[in-house]
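Which chain is which? The protein sequence lines are A and B, in order. Quick note on numbering: the first sequence equals residues 145 to 282 in this note's numbering. Quick note on numbering: the second sequence equals residues 235 to 562 in this note's numbering. For every residue, glycine included, the Cβ atom is placed at its ideal position computed from N, Cα and C.
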Amino acid sequence: MRTRFAAFAAAAGFVLATATAIAHHSFAAEFDANQPINLKGTVTKIEWQNPHTYFYIDVTEPNGTVVNWGLEMGSPNGLMRAGWTRNTLKVGDVVSVEGSRAKDKAQIGNARVVTLAATGRRLFAASSQTDSTQQQQR
Amino acid sequence: MRNGQRIAFIGVMLAVLSTAFWGVGAQQASAPAAGQREGGGGRMSAGPPEPAPRLADGTMNLGRAPGEKGVWSVPYITNMGERVIEADGTTVYERRMATARGARGGRGGGRGDLPLGGGEGTAGGARGGAKSEPQVPFQPWAAAIYDYNSKNNSKYDPEGYCLPPGGPRLMATPYPMEIIQLPEQKRILMIFEGATHIWREIYMDGRPHPEGDALNPTYLGHSVGHWEGDTLVVDVVGFNEQTWMDYYGHPHTDMLHVVERFSRPTKNQLRYEAVYDDPGAYTKPFTVRWNIPWNASGELTEYICQENNKYLQSLTDDFGQPIFGKKQ
Chain A
145 MRTRFAAFAA AAGFVLATAT AIAHHSFAAE FDANQPINLK GTVTKIEWQN PHTYFYIDVT
205 EPNGTVVNWG LEMGSPNGLM RAGWTRNTLK VGDVVSVEGS RAKDKAQIGN ARVVTLAATG
265 RRLFAASSQT DSTQQQQR
Chain B
235 MRNGQRIAFI GVMLAVLSTA FWGVGAQQAS APAAGQREGG GGRMSAGPPE PAPRLADGTM
295 NLGRAPGEKG VWSVPYITNM GERVIEADGT TVYERRMATA RGARGGRGGG RGDLPLGGGE
355 GTAGGARGGA KSEPQVPFQP WAAAIYDYNS KNNSKYDPEG YCLPPGGPRL MATPYPMEII
415 QLPEQKRILM IFEGATHIWR EIYMDGRPHP EGDALNPTYL GHSVGHWEGD TLVVDVVGFN
475 EQTWMDYYGH PHTDMLHVVE RFSRPTKNQL RYEAVYDDPG AYTKPFTVRW NIPWNASGEL
535 TEYICQENNK YLQSLTDDFG QPIFGKKQ
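What follows is the structure, given as structure tokens:
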């Protein structure tokens with residue numbers, strides 16, 4: 145397995161226009177923008193549901209331990225507008241995820257960008273803010 | 235105040251004891267979000283802007299032209315305080331946009347209208363205790379509630395519970411919406427994809443608001459409308475106290491009276507203005523305004539917030555105890 149887990153320090157300008165907007169609940173109450181995560185792992189489960197789609201990945205840490213992370217994205221309507229379908233992610237797919245970790249330091253994160261290892265396809269885990277802006281620019 | 239947010243209220247009482255009521259000059263370090271560009275929408279075009287469509291009888295059409303698609307791309311406005319029209323006739327948001335344009339050599343209508351990116355409630359960061367703003371005429375208790383909501387990063391925002399926004403926040407929750415005019419039925423419907431997939435009905439038949447107990451407090455209140463030229467004017471009363479005015483947590487009471495004005499100077503722009511008059515929470519009325527761009531290819535889709543709201547599973551009160559489920 146080449147999957148790995150790396151957490152890195154917050155970088156200035158990390159957010160900008162690709163930031164995932166959480167219109168539904170307070171991002172800051174649940175996630176910490178100062179705890180960015182960069183995970184690579186294998187998809188174990190997908191919940192294509194409102195108000196947030198979640199997917200789960202097994203991440204192998206440097207010491208060989210496998211940890212299951214839960215990752216929050218936008219709602220299906222927002223993801224559809226950003227180019228996703230319910231079958232974009234499948235169990236067994238290897239993905240890279242950029243996002244922010246939960247404040248309580250659980251194995252939970254908010255995904256901002258998801259890259260599919262097989263194709264290199266990079267998808268924004270959009271919510272309605274970013275996707276309606278993209279629509280506007282289309 | 236008979237707001238159901240009892241847990242929040244306990245904290246407010248604590249906050250009242252320790253908080254200066256008027257946090258003058260304590261503006262937030264990070265800019266709150268403008269969800270998307272304002273001021274026109276659509277891509278830049280060389281020609282003059284398209285005129286707004288009209289109904290067959292000449293009435294301003296705030297919706298689609300026959301045979302076309304289109305939705306209003308409601309922006310994400312997290313802080314109504316930034317949209318309050320101040321004594322000089324401008325808002326904090328408008329001044330910031332003007333400054334941004336000036337910094338780029340005065341070219342207007344460009345990126346100064348684009349979203350600032352991030353913003354509160356987004357990956358842009360935490361609210362971190364930003365204090366009540368001087369341009370909002372808070373009563374002391376309302377300022378204390380606001381500061382409390384700021385301190386805890388708006389964790390008790392009713393929208394996080396999948397409850398609807400009330401009043402002008404409907405026009406500040408970033409999902410598409412449509413306005414459907416039914417002049418033969420003397421009513422107008424506004425349909426919101428997000429904001430808990432909700433609609434509101436505006437009576438255009440000249441009826442008054444119900445009075446006394448006949449006016450049942452509701453999330454969206456009781457809306458009656460009329461046209462003043464090409465501007466739709468909607469008068470709303472009968473709000474319950476279960477909503478916040480915005481994500482930042484400006485409170486209101488059931489004494490809230492809102493007057494909204496909708497106009498469409500061009501096909502691609504809805505101008506929105508609302509007067510908040512709530513003698514229960516503010517010392518005088520104040521007016522907010524923003525623009526809402528048209529998305530000519532958009533259509534509404536389904537969004538059922540209540541389906542799998544995991545946020546509630548992890549939500550804890552001020553004492554670290556779960557709000558829903560077994561206490562530890």
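(message) Using the three-state DSSP reduction, which class does B:R298 fall into: helix, strand or coil?
(response) It is coil, neither helix nor strand.
(request) Identify whether B:W461 lies in helix, strand or coil by the three-state DSSP scheme. (result) Here B:W461 sits in strand by DSSP.
(request) Can you give me the start and stop residues for the alpha helix (DSSP H) that A:L223 sits inside? (result) It spans P220 to R225 - the alpha helix (DSSP H) in which A:L223 sits, taken as one unbroken run.
(message) List, from N- to C-terminal side, the beta strand (DSSP E) runs of 3 residues or more that fit wholly inside the region 351-431 of chain B.
(response) For the region 351-431 of chain B, whole beta strand (DSSP E) runs of length 3 or above, ordered along the chain, are 410-416 and 421-426.
(request) Kindly indicate if chain A contains any beta-carbon less than 9 Å away from that of B:G577. (result) Within the shown structure, residues of chain B are numbered from 235 to 562, placing residue 577 of chain B beyond reach of any answer.
(request) With a cut-off of 8 Å on the beta carbons, I'd call B:P392 and B:W306 a contact; round off their distance for me. (result) Taking 8 Å as the upper bound for CB-CB distance, B:P392 and B:W306 are not in contact here, some 23 Å apart.
(request) Using three-state DSSP, classify B:G548 as helix, strand or coil. (result) It is Ser, not Gly, that sits at residue 548 of chain B in the sequence shown. B:S548: helix per DSSP, three-state reduction.
(request) Note down the Cα distance separating A:S219 from A:S244, rounded to an integer number of angstroms. (result) In a straight line, the C-alpha of A:S219 is about 17 Å away from that of A:S244.
(request) Kindly confirm or deny that the region 326-340 of chain B and the region 492-508 of chain B touch, where touching means at least three C-beta pairs closer than 8 Å. (result) Counting Cβ pairs under 8 Å, fewer than three are found: no touch.
(request) Express the C-alpha separation of A:K189 and B:E328 in angstroms, rounding to a whole number. (result) Taking the straight line joining both Cα atoms gives about 45 Å.
(request) Starting from the beta carbon of B:N543, find every residue of chain A whose beta carbon is closer than 7 Å, and list them in chain order. (result) Ordered by position in chain A, the residues that pass the 7 Å Cβ test against B:N543 are P195.
(message) With a threshold of 9 Å between beta carbons, is B:G559 in contact with chain A?
(response) No, its Cβ sits nowhere closer than 9 Å to a Cβ of chain A.
(message) Quick check on the DSSP output: the beta strand (DSSP E) that includes A:E216 runs from which residue to which?
(response) Its beta strand (DSSP E) spans residues V210 to E216.
(message) Runs of 3 residues minimum, wholly inside the region 470-506 of chain B: which ones carry the beta strand (DSSP E) assignment?
(response) 491-500, all fully within the region 470-506 of chain B.
(request) Please list, in chain order, all residues of the same chain as B:A299 whose beta carbon is under 7 Å from its beta carbon, the five residues on each side excluded. (result) A distance below 7 Å between beta-carbons, with the five flanking residues on each side excluded, links B:A299 to the following residues of its chain, in chain order: P287.
(request) Look up B:A448 in the DSSP assignment and say whether it is helix, strand or coil. (result) Note: B:A448 maps to helix in three-state DSSP.
(request) Have a look at A:R225, A:A246 and A:G214 and flag the residue whose alpha-carbon is nearest the alpha-carbon of A:V187. (result) Nearest C-alpha to A:V187: A:G214.
(request) Would you please state the rounded distance, in angstroms, between the beta carbons of B:I432 and B:P398? I believe it to be under 8 Å. (result) The beta-carbon separation of B:I432 and B:P398, rounded to 5 Å, stays under the 8 Å limit for a contact.
(request) Find the nearest neighbour of B:G315 within the set B:G440, B:G463, B:V509 and B:P410, judged by alpha-carbon distance. (result) Comparing Cα positions, the closest option is B:V509.
(request) Would you mind telling me which residues of chain B sit closer than 9 Å to A:Y198, beta carbon to beta carbon, in chain order? (result) Simply N542 and K544.
(request) Using three-state DSSP, classify B:F196 as helix, strand or coil. (result) Residue coverage of chain B in this structure runs from 235 to 562, which leaves residue 196 of chain B outside it and unanswerable.
(request) Compare the beta carbon distance of A:A177 and B:S548 with 9 Å and say whether it is the shorter of the two. (result) Going by C-beta atoms, A:A177 is not nearer than 9 Å to B:S548.
(request) Label B:E536 either buried or exposed according to how many other C-beta atoms from any shown protein chain fall within 10 Å of its C-beta, with 16 as the threshold for buried. (result) Burial call: exposed.
(request) Would you list the residues sitting across from B:Y437 in a DSSP beta bridge? (result) Beta-bridge analysis with DSSP links B:Y437 to B:R421 and B:V458.
(message) Using only the alpha-carbon positions, how far apart do B:E435 and A:E174 sit?
(response) Spanning the alpha carbons of B:E435 and A:E174 requires a straight line of approximately 34 Å.
(request) Determine, using beta carbons only, whether A:P206 comes closer than 9 Å to chain B. (result) No, A:P206 lies away from the interface with chain B (no Cβ there is under 9 Å from its Cβ).
(request) Indicate the three-state DSSP secondary structure (helix, strand or coil) for B:N542 in the structure shown. (result) Helix at B:N542.
(request) Please confirm if A:R245 has its CB atom under 9 Å from at least one CB of chain B. (result) No, its Cβ sits nowhere closer than 9 Å to a Cβ of chain B.
(request) At 8 Å on the CB atoms, spell out the chain A contacts of B:D512, in chain order. (result) Under the 8 Å cutoff, chain A gives no residues; its nearest Cβ is about 23 Å from B:D512.
(message) Does chain B have any CB closer than 9 Å to the CB of A:N231?
(response) Chain B, which has no Cβ nearer than 9 Å to the Cβ of A:N231, makes this no.
(request) Can you tell me which of the three DSSP states B:V326 falls into? (result) Helix, per DSSP.
(request) State the DSSP-derived secondary structure class of A:E191, mapped to helix, strand or coil. (result) Residue state, collapsed to three classes: strand.
(request) Measuring only between beta-carbons, confirm whether B:T535 sits less than 9 Å from chain A. (result) Answer yes: the Cβ-Cβ gap between B:T535 and chain A drops below 9 Å somewhere.
(request) Report yes if the CB atom of B:T517 is closer than 9 Å to the CB atom of B:F372, and no otherwise. (result) A contact, by the Cβ cut-off of 9 Å.
(request) Have a look at B:P527 and B:Y506 and give me their C-alpha separation to the nearest angstrom. (result) Roughly 11 Å separates the two Cα atoms.
(message) Using beta carbons (cut-off 9 Å, strictly below), is A:R266 in contact with chain B?
(response) It does not: the Cβ of A:R266 has no partner Cβ on chain B nearer than 9 Å.
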